[in-house]
Amino acid sequence: MKAFPVLRILVPGFVLLATLFTQAQQPGEMRHVARGATSLAVLIEETKAKNPRILAALHAYKAATNVPRQAGALPDTQVMVQHLSVGSPRPFAGYTNSDFAYIGVGASQEFPYPGKRKLRTEIATREADSLQAQSEAAGRQVIESLKTAYFRLAYVQEAISVLQHHDSVLTQMEQIAESHYRVGKGNQQEVLKAQLQHTKILQEITMNKREEGQLEAQLKQLLNRAQDSADIIAQPLTERMLSYTSPQLLQMAREQNPEIQSQQAMLGQAQSQVALAQKEFRPDFSLQYMYQNTDRKFRDYYMVTFGVTLPNRGRRRAELAESREKQERASQELQAAIQRQMAEVQNQFVLVQTSAEQLKIYKEGLIPQAAATFKSGLAAYQANRQDFQTLLSSFLDALDLDLQYQRELAEHESALARIEALTGVTLP
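This is the structure:
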């Protein structure tokens, strides 16, 4: 009869415990609204505006856009002043009594063979195109790193929340085990096991908080924020869908991948370099004009000089051979880049597809089954038809599956971020 008051406490406790645990098994739903959470879109815009690597690559491209005008310009004009003295090294010696002494002013200009300046402009333009693609690649890589760190941070913060929630359920289990022990339905070992698992959960929370701090430091670095600035809170993750097929993604990567575009620009640059090396077998020209002034009683002199620079054909043949080898190298590097990026796109596509299937299995199978198993074990434990170790095992299975789901969700979103970086698409 003395046990009845305790049972009146136990039964509501079991109901409360089952309710708490059921609330914990809601994959894909936000268990909490994170206060002060920052959206990923806001962080992306901040990164684009402030990340040093993105800005450095952008300035490198802008600097390169000024090179084509330099490469295609004529060589600098040379202005000359001459003085010829007669009979003495003194200045103006013989200027008034010899028609050989003079002061001359002239200019000289070199003229490359027609077509060379245009090819040099094309080479510099291709270089600028390559740097533009590299700037785009740097931006995408930084944004991908930001997304990956953000998704991981969202997982870690959600994992801490899950662990804390399950720890509260475990606390209720411990109290019920103590009540069982007091009325003679259990033993002290059950209470000790619950306390041990409680300590393990606290350890997991501590480890996750360590990773949380490390991820925030990484994000602040990418955002170019001070490390002592306010902590970053990520929004809870939701599963995004991939609405593109594998052939569509491969085609978009071929057309929009910045690494491929950079290699294509470098191949174009190498082709223009070959054409220029062939042009270098043609001579260059120079034109010089000189006006020479003597004393008024003598006549002035006017001199025009036309020069031809003959190329060293042995040196030019070596330059042409070098340019052709560089062109072949650029062609092979382009093919290697295409194959590498296509393989990476396909790899991430397969990862996303299988990850989506895994998430569905978690949501529709494993997690509800684990919750049902725990509820059944809870009822059996209440009726003294199941030991506490079995109940604790079903509790741990449910906790582990919940964490696995959150981890898989973060990996799924990271794979989508990788696809976005490779193909240039923006998934909703």
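Numbering (my numbering), first residue to last: 125 to 552. Think of the CB as a built atom: it goes at the ideal place given N, C-alpha and C, for glycine as much as any other residue. It should be emphasised that the depicted structure is a prediction, and the values quoted were computed from it without experimental measurement.
Inset, instruction - Please classify residue 542: is it buried, with 16 or more other beta-carbons within 10 angstroms of its beta-carbon, or exposed? - result: Translated into positions along the sequence shown, residue 542 becomes position 418. It is buried - the Cβ of residue 542 has at least 16 other Cβ atoms within 10 Å.
Legend entry - Nearest to residue 457 (by Cα), restricted to the options 437, 262, 473 and 394: Counted from its first residue, the sequence shown places residue 457 at position 333. Minimum Cα distance to residue 457 is reached at 394.
Inset, instruction - To the nearest angstrom, report how far apart residue 148 and residue 524 are at their CA atoms. - result: The count along the sequence shown starts at 1 and reaches residue 148 at position 24. The count along the sequence shown starts at 1 and reaches residue 524 at position 400. Caution is warranted here: a pLDDT of 48 is assigned to residue 148, below 50, making its placement in the model unreliable, and the coordinate value is therefore given only provisionally. So the two alpha carbons sit approximately 12 Å from each other.
Inset, instruction - Mind the definition here: the segment 379-396 touches the segment 250-262 only if three or more C-beta pairs lie below 8 Å; say whether that holds. - result: yes
Inset, instruction - Tell me whether residue 216 is buried or exposed, calling it buried when 16 or more other Cβ atoms sit within 10 Å of its Cβ. - result: On the sequence shown, position 92 is the one that residue 216 refers to. With fewer than 16 other Cβ atoms within 10 Å, it is exposed.
Legend entry - Touch test, the segment 293-312 against the segment 366-383, Cβ-Cβ under 8 Å, three pairs minimum: no
Legend entry - Span separating the alpha-carbon of residue 496 from that of residue 518: Here residue 496 refers to the residue found at position 372 when the sequence shown is read from its first residue. Here residue 518 refers to the residue found at position 394 when the sequence shown is read from its first residue. Taking the straight line joining both Cα atoms gives about 9 Å.
Legend entry - DSSP state of residue 404 mapped onto helix, strand, coil: Stepping through the sequence shown from its first residue, residue 404 is reached at position 280. Looking at residue 404 - three-state DSSP - the assignment turns out to be coil, as it is neither helix nor strand.
Legend entry - Cβ contact check for the segment 160-175 and the segment 352-369: 3 or more pairs under 8 Å: yes
Inset, instruction - Assign residue 131 to one of two classes, buried (16 or more other C-beta atoms within 10 Å of its C-beta) or exposed (fewer than that). - result: Working through the sequence shown from its first residue, we reach residue 131 at position 7. With a pLDDT of 41 at residue 131, under the threshold of 50, the modelled position of this residue cannot be trusted; read the value that follows with caution. When all chains shown are included, residue 131 counts as exposed.
Legend entry - Spatially closest choice to residue 552 from 240, 274, 367 and 182, by CA coordinates: Within the sequence shown, numbered from 1, the residue matching residue 552 stands at position 428. Of 240, 274, 367 and 182, the residue nearest in Cα terms is 367.
Legend entry - residue 477 versus residue 450: straight-line alpha-carbon distance, rounded: Residue 477 sits at position 353 when you count from the first residue of the sequence shown. Residue 450 sits at position 326 when you count from the first residue of the sequence shown. Distance between the alpha carbons of residue 477 and residue 450: 40 Å.
Legend entry - Nearest-angstrom beta carbon gap, residue 411 and residue 233 [assumed within contact, 8 Å]: Taking the sequence shown and counting its residues from 1, the one referred to as residue 233 is at position 109. Taking the sequence shown and counting its residues from 1, the one referred to as residue 411 is at position 287. Confirmed, Cβ separation roughly 5 Å.
Inset, instruction - Go to residue 204, then tell me how far its alpha helix (DSSP H) extends in each direction, as first and last residue. - result: For this step, residue 204 is matched to residue 80 along the sequence shown. Premise fails: residue 204 lies in the beta strand (DSSP E), 202-208, not in any alpha helix (DSSP H).
Legend entry - Meets three-Cβ-pair contact criterion under 8 Å: the segment 413-431 and the segment 268-279: no
Legend entry - Status (buried if at least 16 other CB within 10 Å, exposed otherwise) for residue 276: Position 152 of the sequence shown, counting from 1, holds the residue named residue 276. Buried, since its Cβ has 16 or more Cβ neighbours within 10 Å.
Legend entry - residue 545 burial status per 10 Å Cβ neighbour count (16 or more: buried): Position 421 of the sequence shown, counted from the start, is the residue given in the question as residue 545. It is buried - the Cβ of residue 545 has at least 16 other Cβ atoms within 10 Å.
Inset, instruction - Report the rounded CA-to-CA distance for residue 468 versus residue 376, giving the unit in angstroms. - result: Against the sequence shown, residue 468 aligns to sequence position 344. Against the sequence shown, residue 376 aligns to sequence position 252. Answer to the nearest angstrom: the Cα atoms are 13 Å apart.
Legend entry - Cβ neighbour criterion (16 or more within 10 Å) applied to residue 538: Residue numbering aside, residue 538 sits at position 414 when the sequence shown is read from its first letter. Answer is buried; the Cβ neighbour count reaches 16.
Legend entry - Nearest candidate by alpha-carbon position, reference residue 460, set 400, 402, 378 and 508: As a first step, residue 460 is located in the sequence shown; it is residue number 336 there, counting from the start. Out of 400, 402, 378 and 508, 378 has the C-alpha closest to the C-alpha of residue 460.
Legend entry - N-terminal and C-terminal residue of the alpha helix (DSSP H) that residue 480 is part of: Your numbering for residue 480 matches position 356 in the sequence shown. Per DSSP, residue 480 belongs to the alpha helix (DSSP H) from 437-485.
Inset, instruction - Would you mind reading off the limits of the alpha helix (DSSP H) that contains residue 168? - result: For the purposes of this step, residue 168 is taken as the residue at position 44 of the sequence shown. Where residue 168 is concerned, the enclosing alpha helix (DSSP H) stretches over 164-174.
Inset, instruction - Identify whether residue 332 lies in helix, strand or coil by the three-state DSSP scheme. - result: Here residue 332 corresponds to residue number 208 of the sequence shown, with the count starting at 1. Reduced to three states, the DSSP call for residue 332 is helix.
Inset, instruction - Return the residue from the list 255, 291 and 196 that minimises the CA-CA distance to residue 319. - result: In the sequence shown, counting from the first residue as 1, residue 319 sits at position 195. Ranking 255, 291 and 196 by Cα distance to residue 319 puts 291 first.
Inset, instruction - Alpha carbon to alpha carbon, how far is residue 295 from residue 134? Give it in angstroms, no decimals. - result: Here residue 134 refers to the residue found at position 10 when the sequence shown is read from its first residue. Here residue 295 refers to the residue found at position 171 when the sequence shown is read from its first residue. With a pLDDT of only 45 at residue 134, under 50, the local geometry of the prediction cannot be trusted, and the value read off the model is given with reservation. Cα to Cα, residue 134 sits roughly 14 Å from residue 295.
Inset, instruction - Could you tell me whether the segment 507-514 touches the segment 307-317, using the rule of 3 or more Cβ pairs below 8 Å? - result: yes
Inset, instruction - Rounded to whole angstroms, what's the CA-CA distance from residue 324 to residue 338? Just pull it up for me. - result: In the sequence shown, residue 324 corresponds to position 200, counting from 1. In the sequence shown, residue 338 corresponds to position 214, counting from 1. If I take the Cα positions, the gap works out to 21 Å.
Inset, instruction - Have a look at residue 173 and residue 350 and give me their C-alpha separation to the nearest angstrom. - result: Stepping through the sequence shown from its first residue, residue 173 is reached at position 49. Stepping through the sequence shown from its first residue, residue 350 is reached at position 226. Between residue 173 and residue 350, the C-alpha separation is close to 15 Å.
Inset, instruction - Can you have a look at residue 211 and say buried or exposed, based on whether 16 or more other CB atoms are within 10 angstroms of its CB? - result: Here residue 211 corresponds to residue number 87 of the sequence shown, with the count starting at 1. So residue 211 ends up on the exposed side.
Legend entry - Any alpha helix (DSSP H) of 4 or more consecutive residues that is wholly inside the segment 178-265: 191-195
Legend entry - Reduced DSSP category for residue 432 - H, G, I as helix; E, B as strand; rest coil: For the purposes of this step, residue 432 is taken as the residue at position 308 of the sequence shown. If DSSP states are grouped into helix, strand and coil, residue 432 belongs with the strands.
Inset, instruction - In angstroms with no decimal places, state the Cα-to-Cα distance between residue 153 and residue 166. - result: Looking up residue 153 in the sequence shown gives position 29. Looking up residue 166 in the sequence shown gives position 42. The predicted model places residue 153 with a pLDDT of 46, which falls under 50 and marks its position as unreliable, so this point remains unresolved.
Legend entry - Cα-Cα separation between residue 157 and residue 282, rounded to whole angstroms: Start at 1 with the first residue of the sequence shown, and residue 157 comes out as number 33. Start at 1 with the first residue of the sequence shown, and residue 282 comes out as number 158. Confidence is the limiting factor: at residue 157 the pLDDT is only 46, short of 50, which leaves the residue's position unreliable, though a coordinate-based value still follows. Approximately 11 Å between the Cα atoms of the pair.
Inset, instruction - Assign residue 330 to buried or exposed, taking buried as 16 or more other Cβ atoms, counted over all protein chains shown, within 10 Å of its Cβ. - result: Translated into the one-based positions of the sequence shown, residue 330 becomes position 206. The residue in question, residue 330, is exposed, as its Cβ has fewer than 16 Cβ neighbours within 10 Å.
Inset, instruction - Could you work out which residue in 405, 400, 243 and 414 is closest to residue 230 when comparing CA atoms only? - result: Counted from its first residue, the sequence shown places residue 230 at position 106. Here the closest residue by C-alpha is 414.
Inset, instruction - Measure the CB-CB distance between residue 279 and residue 347 and report whether it falls below 8 Å. - result: Within the sequence shown, numbered from 1, the residue matching residue 279 stands at position 155. Within the sequence shown, numbered from 1, the residue matching residue 347 stands at position 223. No. Outside cutoff.
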